[in-house]
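Chemist:
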Amino acid sequence: MTTPIETTHAYYKEKFLAHGMVPQGVDWGTALAQNIRFDQLLKLVPPRPANSPPLSLNDLGCGYGALLDHLHAKGWEVDYLGIDLVPAMVEAAQLRQGSRGHFVVGKSCPRLADYAVASGLFNVRGNVPKDHWQQFVVSVLDDLHANSRLGFAFNALTGYSDPDRMRPDLYYADPLWLFDWCKRKYARNVALLHDYDLYDFTIIVRKDAAFSEPAD
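Here the sequence shown stands for residues 0 to 215, where the numbers follow numbering that gives the first Met the number 0.
1. Ordered along the chain, which non-local residues of its own chain (more than five positions away) have a Cβ less than 7 Å from that of A208?
2. What first and last residue would you give for the beta strand (DSSP E) that runs through F102?
3. Note down, one range per segment and in chain order, each alpha helix (DSSP H) of at least 4 residues found wholly within the region 72-151.
4. Compute the distance between the beta-carbons of D113 and L56, then report whether it is under 8 Å.
5. According to DSSP, simplified to helix, strand and coil, what is T29?
6. Which whole-angstrom value describes the C-beta separation of G64 and G100, a residue pair presumed to lie in contact below a C-beta threshold of 8 Å?
7. Give me, in chain order, the residues of the same chain whose beta-carbon lies closer than 6 Å to that of W27; leave out the 5 immediate sequence neighbours on both sides.
8. Closest by CA to P167, which one among P128, L143, V136 and W180?
9. Tell me which residues share the same chain as V89 and place their Cβ nearer than 6 Å to its Cβ, disregarding the 5 neighbours each side in the sequence.
10. Taking only the alpha-carbon atoms, compute the straight-line gap between Y171 and V44 and give it to the nearest angstrom.
11. Using C-beta distances below 6 Å, list every residue in its chain close to W180, excluding the 5 sequence neighbours before and after it, in chain order.
12. Using the three-state DSSP reduction, which class does L41 fall into: helix, strand or coil?
13. Suppose you measure from the CA of H144 to the CA of G150; what does that come to, to the nearest Å?
14. Could you check the C-alpha separation between L80 and H71 for me, to the nearest Å?
15. Between P53 and the rest of its own chain, which residues show a CB-CB distance below 7 Å, the 5 nearest in sequence each way excluded?
16. On a Cα-Cα basis, can you pick out the residue from V139, Y195 and K206 that is closest to R36?
17. Pick from C108, M165 and S51: whose alpha carbon is nearest that of L122?
18. Report the CB separation of L175 from V116 in whole angstroms; it is logged as a contact under 8 Å.
19. Can you look up R183 in the DSSP assignment and give me helix, strand or coil?
20. On the CB-based measure, 16 or more other CB atoms within 10 Å of its CB, does S138 come out buried or exposed?
21. Taking just the CA atoms, how far does R47 sit from V25?
22. Taking the straight line between their C-alpha atoms, what separation do you get for C61 and S118?
23. Look at the alpha carbon of F200 and the alpha carbon of A152, and state the distance between them as a whole number of angstroms.
See below:
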């Protein structure tokens, strides 16, 4: 049995070598669907006044850096760090983005940033048992939490997917279980977004309000 890290590395290495720096190279079907997911993740960040200093962002499982393109298209100034398991992706992303961002090979966030995100990181389970995969998911969420000052966001395929379209090698998460986990363990302010017409959901964890504050 391969580990979650080995499974993820092998799958995305194959996809990238086959397709290159396009959505299919990180196993997203279309650029439109990819951008819809990015927009959901970025709801993590509140509106920023003009002339705000750049925010810092860790992008775990960054692929070829498509989120950084999305951020710049929005006009955001970001101290961006992309982290990915696949060296070929990291090298290609750094060459493509130049000084706009930094990319490193790794399986966890190597610095503390304002925010952290993970897009598509939990989808491909391969032959890893579901309970082992869930432990992997939780370990990644712990890392996102530990390395973000203000909050983090992630997405996953939904257990509410149509049964006839579900694949045995993919991980379909229970959004309610993950919402409860994040609410109890990480922060009081947690949002579950499951209304954007794709077969996945996004969870946003905002840490700008302390657990210790009295309830209204």
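For every residue, glycine included, the Cβ atom is placed at its ideal position computed from N, Cα and C.
Modeler: Checking against the coordinates, here is how it stands:
1. Because the pLDDT of A208 is 48, which lies under 50, any placement of that residue in the model is unreliable, and the number read from its coordinates should be weighed accordingly. Answer for A208: R187 and N188, listed in chain order.
2. H101 to V104
3. 86-96 and 129-145
4. In this structure, L56 lies closer than 8 Å to D113 by Cβ.
5. coil
6. 6 Å
7. So the qualifying residues of the chain are Q33.
8. P128
9. Within the same chain, V89 has close Cβ partners D83, F102 and V104.
10. 26 Å
11. none
12. helix
13. Going from the Cα of H144 to the Cα of G150 covers about 7 Å.
14. 14 Å
15. Around P53: E76, V77 and D78.
16. Y195
17. The sequence given here places Asn at residue 122; Leu does not occur at that position. If we check each option's Cα against that of N122, M165 comes out closest.
18. About 21 Å separates the two Cβ atoms, so there is no contact after all.
19. helix
20. exposed
21. 30 Å
22. Spanning the two alpha carbons is a distance of roughly 8 Å.
23. Computed Cα separation, rounded: 11 Å.
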